[in-house]
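Undergrad: Under the numbering used here, the first residue of the sequence shown is numbered 1, with each subsequent residue one higher. Glycine residues also receive a C-beta, built at the ideal position from the N, C-alpha and C atoms. Predicted model, so just to flag it, every value in this text is computed and none were measured. Have a look at this one.
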Amino acid sequence: MRSFRWRHWMFTREYIIKHTLHPTATGGSPIITWLPNQLTAVMDLMEEVAKGSGLWAVLEEGVWSGGGSLTHEDYILVKKIMDNVVTKKAQLKKEVDKYCQDRGV
């Protein structure tokens, strides 16, 4: 879901926001804030689940100690995904803040 919403945001940013000042999307929602709000909600939930399940603590340790049903390959994959979430969340906030400031939103 995060990947789909991120690609949707990139498309909107590159082909709509950069080429028009029209403030709303086809459904009438604010073009600069609606998609980022949806994307942020998905990333917030991903973080909430990781923290609530104890996975976040394992990832923050940076060391997979084995045990449980999490294989080392799973650990590496989940770590990459969650590191990406943290990075993309910060990037998204910076982009949206800039577009809002530029357009007085």
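#1: Using the DSSP secondary-structure output, state which residues sit across from T71 in a beta bridge.
#2: Could you tell me the distance, in whole angstroms, from the CA atom of Q38 to the CA atom of T71?
#3: Identify, in the order they occur along the chain, each residue of the same chain with its Cβ nearer than 8 Å to the Cβ of R5, setting aside the five sequence neighbours on each side.
#4: Is the distance from the Cβ of L59 to the Cβ of M82 below 8 Å?
#5: Kindly indicate which three-state DSSP category P36 falls into: helix, strand or coil?
#6: Going by C-alpha distance, which of T12, L55 and Q91 is nearest V78?
#7: Distance, Cα to Cα, S29 vs S69?
#8: Could you tell me the distance, in whole angstroms, from the CA atom of P11 to the CA atom of V49?
#9: DSSP state of T12, grouped into three classes?
#10: What separation, rounded to the nearest whole angstrom, lies between the Cα atoms of P23 and K98?
#11: Alpha carbon to alpha carbon, how far is K93 from R2? Give it in angstroms, no decimals.
TA: Checking against the coordinates, here is how it stands:
#1: As a working mapping, residue 71 is identified with position 71 in the sequence shown. BP columns for T71 are empty, so no partner.
#2: In the sequence shown, counting from the first residue as 1, residue 38 sits at position 38. In the sequence shown, counting from the first residue as 1, residue 71 sits at position 71. Distance between the alpha carbons of Q38 and T71 is about 31 Å.
#3: Residue 5 sits at position 5 when you count from the first residue of the sequence shown. When the five nearest sequence neighbours on each side are left out, the beta carbons in the same chain lying within less than 8 Å of the beta carbon of R5 are those of L35, Q38, L39 and V42, in order along the chain.
#4: Start at 1 with the first residue of the sequence shown, and residue 59 comes out as number 59. Start at 1 with the first residue of the sequence shown, and residue 82 comes out as number 82. Cβ atoms of L59 and M82: closer than 8 Å.
#5: Taking the first residue of the sequence shown as position 1, residue 36 is located at position 36. DSSP, read as helix, strand or coil, puts P36 in helix.
#6: The residue labelled residue 78 in the question sits at position 78 within the sequence shown. Among T12, L55 and Q91, the Cα nearest to that of V78 is on L55.
#7: Locating residue 29 in the sequence shown gives position 29, counting from the first residue. Locating residue 69 in the sequence shown gives position 69, counting from the first residue. If you take the alpha carbons of S29 and S69, they lie about 42 Å apart.
#8: Residue 11 sits at position 11 when you count from the first residue of the sequence shown. Residue 49 sits at position 49 when you count from the first residue of the sequence shown. The residue asked about is misnamed: residue 11 is Phe in this sequence, not Pro. One alpha carbon belongs to F11, the other to V49, and they sit about 28 Å apart.
#9: Within the sequence shown, the letter at position 12 stands for residue 12. Assignment of T12 by DSSP, reduced to helix, strand and coil, places it in the helix class.
#10: On the sequence shown, residue 23 is found 23 positions in, with the first residue counted as 1. On the sequence shown, residue 98 is found 98 positions in, with the first residue counted as 1. The straight-line gap from Cα to Cα measures roughly 15 Å.
#11: Here residue 2 is taken as the residue at index 2 of the sequence shown, counted from 1. Here residue 93 is taken as the residue at index 93 of the sequence shown, counted from 1. A straight-line Cα-Cα distance of about 15 Å links R2 and K93.
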